[in-house]
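Notes follow the structure.
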Amino acid sequence: METRASGMGAWLCRLWLWLWIVSSLGGAGWAASCPDGEKPDREKIKEIQMRLDHLRPETRRYGVSLAAELNWPQAWGWVLEALEDEESEVADVAQLRLAGVSCPKGLDLLLGRPGLGHRESTVRLRVAEALGRVEVPVNGEQLVRAMKRSDPELCRRLLWSLERLERRGLLVGDRDRIGRRIEDALGRGHAERVRADALAALMRVQPSRALRHLRAALRDKKRTLLRTAAVILLAEQRRGDDGLEDFDPVPATEILAGLEAASSDAQPCVRRAAYRALGMEPGASSLAILIRRLEEEDQRHLRTLLVGILRGISGLKHSDDPRPWRDWLGRLGRLGRLGEGGVPPRAVSPGRDTYQTRVATTLAQLRPSTDRSVILVDLSGSVWMDLKGGVSRKQLLDRELRALLEGLPRTVSFNLIPYATRPDPWEKRMVTATPKAVRRAWGEFESSRLRGRGDVWSAVQVALQDPDLGSLLIITDGAPTGGEHSNMELLVPLLEWECRWRGIAVDSVLIDSAKRLQIFWSDLARRTGGTMTPVHFESEALR
976 METRASGMGA
986 WLCRLWLWLW
996 IVSSLGGAGW
1006 AASCPDGEKP
1016 DREKIKEIQM
1026 RLDHLRPETR
1036 RYGVSLAAEL
1046 NWPQAWGWVL
1056 EALEDEESEV
1066 ADVAQLRLAG
1076 VSCPKGLDLL
1086 LGRPGLGHRE
1096 STVRLRVAEA
1106 LGRVEVPVNG
1116 EQLVRAMKRS
1126 DPELCRRLLW
1136 SLERLERRGL
1146 LVGDRDRIGR
1156 RIEDALGRGH
1166 AERVRADALA
1176 ALMRVQPSRA
1186 LRHLRAALRD
1196 KKRTLLRTAA
1206 VILLAEQRRG
1216 DDGLEDFDPV
1226 PATEILAGLE
1236 AASSDAQPCV
1246 RRAAYRALGM
1256 EPGASSLAIL
1266 IRRLEEEDQR
1276 HLRTLLVGIL
1286 RGISGLKHSD
1296 DPRPWRDWLG
1306 RLGRLGRLGE
1316 GGVPPRAVSP
1326 GRDTYQTRVA
1336 TTLAQLRPST
1346 DRSVILVDLS
1356 GSVWMDLKGG
1366 VSRKQLLDRE
1376 LRALLEGLPR
1386 TVSFNLIPYA
1396 TRPDPWEKRM
1406 VTATPKAVRR
1416 AWGEFESSRL
1426 RGRGDVWSAV
1436 QVALQDPDLG
1446 SLLIITDGAP
1456 TGGEHSNMEL
1466 LVPLLEWECR
1476 WRGIAVDSVL
1486 IDSAKRLQIF
1496 WSDLARRTGG
1506 TMTPVHFESE
1516 ALR
């Protein structure tokens, strides 16, 4: 069997890890009584280590899964080592499997030097995310101690994990200490995204402490993400989410006033959050605000959202003309069928934007979900393979992308990012879809010779740098193959998390993709308010 040369360095690394495990047997990172897994026999250990050292990444990936199944401290050390694997398919599986830690000493490893204290930033980030998915109680004091102002991305993932653990009732430790440390991350010296994540975490851990910060964020005209986070969290207050500690709730009149102000905010992502919040508990005042905003809203995707909310509540099929909606609300009032806290009989909760899955044979009629979209095109792998008639998918994409771009109205701003092993953005920022801009963008794409693996994660990170971004349109076969993350089970929640405060919709166009991949991309569309469109080019297009 082929194996990777382990070398003296790898042997010493494992020796150090084993010594660390032995020295930390009395660790106190866990607050439950689940026993450690039993030590396996020598043959089992040898089999797993052989797989972990194999040349083939799929074999190493399987070795990671076998190690995780043992639930044995030393085996969790091997899983942590796999987070450094150069192949993301191995490292991603290791990150996912860390959620299965249920033995005390295994959790101590995650919280200690091999995990959150690791020298490599990528390992720390992976562990910080995984801690939010474990199924055993975690001491939040140890998570907040790992937060550093100099490492905002680590702070963000730890705050997200604190929020998720608390939602599931698995956060333990001194609430005041945890809350004070989270509150520190709301300070002005921290990045805005950190502050938004800190507000969300504090609302779960200590709502009473978070309330003044929530009110201040709603009034903060300079920080869009913080305002959006405050609106989303205010909606949770209105809904009376289970799991929040007992404290004096925000008065209903104050919540409604805050949502009404947010519904006319200058930033689309704030308005989007307000519309969705107003539609969750639709009384007469909320519906009046939504209908009034339908008269004034100038963003296509937000008008679509407003109509979808009103249709879901009413059961009617009116268009975006506000007049029949005003008449409907007036009739309900005259009939006495809608009190201030009431919901019409046919109401549904529009907590998420609608998404759609449709089959297409061309890209010509497709439109991004918003008028401020970055189009990402996967040029990896099979794109360059010849199909029937000697035509490659790249040649098909040249024609189809041209049709898509030429169909964009001039009201749309767009950018184009082909990607493979690396992303290659056409422009630094989105530009208006004038005929000249469309010709330039298509010409650059037609001449592109990018090849390699499909690193969609890096391409998305480049797109997110544009502050005006409203949606992503990802054209791909649906199977990421490279970069920091390539496992869709992990990518879907990570991308949702990256987009949540900015309200970015993720549209995907999946060319000749497998059904199992379509399920993941459809889930991402549902979570972000985008669309998933499978495409299979008709035989005429191959000629």
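First residue of the sequence shown? That's 976 in the numbering used here, and the numbers climb one at a time after it. Even for Gly, the Cβ is constructed at its ideal location relative to N, Cα and C. These numbers come from a predicted model, not from an experiment.
- Here the C-alpha atom of Tyr1250 lies approximately 6 Å from the C-alpha atom of Ser1238.
- Beta-bridge annotation (DSSP): Leu1391 is paired with Ile1350.
- C-alpha of Asp1399 to C-alpha of Leu1200: approximately 27 Å in a straight line.
- Assignment of Asp1083 by DSSP, reduced to helix, strand and coil, places it in the helix class.
- Between Gly1505 and Cys1244, the C-beta gap is not smaller than 7 Å, which leaves the two residues out of contact.
- When the beta-carbon positions are compared, Trp1051 and Leu1027 stay at least 7 Å from each other.
- C-alpha of Asn1046 to C-alpha of Leu1073: approximately 10 Å in a straight line.
- Here DSSP, grouped into helix, strand and coil, assigns Ser1357 to helix.
- DSSP places Leu1269 in the uninterrupted alpha helix (DSSP H) bounded by 1259–1271.
- Under the three-state reduction of DSSP output, Val1225 falls in the coil class, being neither helix nor strand.
- Boundaries of the alpha helix (DSSP H) around Leu1055: 1048–1057.
- In the same chain as Arg1377, and ignoring 5 residues on each side of it, the C-beta atoms closer than 7 Å to its own belong to Trp1417, in chain order.
- Burial check for His1165: the Cβ neighbour count within 10 Å reaches 16 or more, so the residue is buried.
- Assignment of beta-bridge partners to Val1406 by DSSP yields Phe1389.
- Taken through DSSP and simplified to helix, strand or coil, Thr1451 comes out as strand.
- By a beta-carbon distance limit of 8 Å, Gly1233 contacts Leu1209. Their separation comes to about 6 Å.
- Ranked by Cα distance from Ala1042, the first of Ser1367, Gln1274, Ala1057 is Ala1057.
- Taking all protein chains shown into account, Arg1099 has 16 or more neighbouring C-beta atoms within 10 Å of its C-beta and is therefore buried.
- Looking at the DSSP output, Pro1468 shares a beta bridge with no other residue.
- Shown here, Pro1343 sits in coil according to DSSP, grouped into three states, outside any helix or strand.
- A direct Cα-to-Cα measurement between Met1255 and Arg1426 gives close to 46 Å.
- Around the C-beta of Gln1117, 16 or more other C-beta atoms lie within 10 Å, and the residue is accordingly described as buried.
- The Cβ atoms of Ala1335 and Thr1508 sit closer than 7 Å to each other.
- One Cα belongs to Val1467, the other to Lys1196, and the distance between them is close to 31 Å.
- With contacts defined by Cβ atoms closer than 7 Å, Val1358 and Arg1368 form a contacting pair.
- Around Phe1495, the same chain offers Met1463, Val1467 as residues with beta carbons nearer than 6 Å, after the five sequence neighbours per side are excluded.
- For Glu1064, the enclosing alpha helix (DSSP H) has its first and last residue at 1063–1072.
- Taken through DSSP and simplified to helix, strand or coil, Pro1400 comes out as coil.
- Straight through space, the alpha carbons of Thr1409 and Arg1108 are spaced by roughly 46 Å.
- Beta-bridge partners assigned by DSSP to Ser1367: Asp1361.
- Residue environment analysis places Gln1212 among the buried positions, since at least 16 neighbouring C-beta atoms fall within 10 angstroms of its C-beta.
- In the displayed model, Ser1423 falls within coil according to three-state DSSP, outside both helix and strand.
- Nearest C-alpha to Ser1348 among Leu1371, Leu1383, Ser1388: Ser1388.
- Taking 7 Å as the cut-off, the beta carbon of Ser1488 is found no closer than this to the beta carbon of Gly1429.
- About 6 Å separates the Cβ atoms of Val1481 and Leu1470, confirming a contact at the 8 Å cut-off.
- Judged by DSSP in its simplified three-state form, Ser1040 adopts helix.
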